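Residue 235 is where the sequence shown starts when you use the numbering used here, and the numbers rise one by one after that.
A virtual CB, placed ideally from N, CA and C, is assigned to each residue, including glycine.
Every value quoted in this text rests on a predicted model; they were computed, and no experiment measured them.
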Amino acid sequence: MVGEGALRERQSGLDNAALTQVLNDYYKTFSTLNLDAIYPYFHTPALIVGPVGVFAIANPEDLATVFGPAIADLRSRGTAAASLRRRASSS
């Protein structure tokens with residue numbers, strides 16, 4: 235029989251692995267700079283909180299309004315790569 239703590243640790247590891255995979259997939263998709271490909275990663279309605287304010291996302295058009303300028307800026311600079319770097323855990 236697996237102890238409760240060991241079971242929790244095993245589930246946490248699986249959750250972390252799944253989360254890391256979703257984030258890697260998102261970064262890879264974002265690197266395409268294709269808003270239609272990015273939209274499925276958002277549950278709508280959603281709120282985006284950033285340095286310039288808070289934005290409501292209810293549909294793909296809203297996503298384009300929020301992310302469109304950033305995507306255009308990345309394209310103009312020839313930037314299209316994003317990756318996830320993991321920091322060492324302190325626990």
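In this chain, VAL286 is not harboured by any beta strand (DSSP E), its DSSP state being neither H nor E. Proximity of the region 267-279 to the region 294-308 meets the contact definition, three or more beta-carbon pairs being nearer than 8 Å. In the structure shown, LEU281 adopts extended strand secondary structure according to DSSP, grouped into three states. One thing to note: PHE301 has its Cβ no nearer than 8 Å to the Cβ of LEU257. A direct Cα-to-Cα measurement between GLY284 and ALA290 gives close to 12 Å.
Within the same chain, and ignoring the five residues on either side of ARG309 in sequence, the residues whose Cβ sits closer than 8 Å to its Cβ are LEU267.
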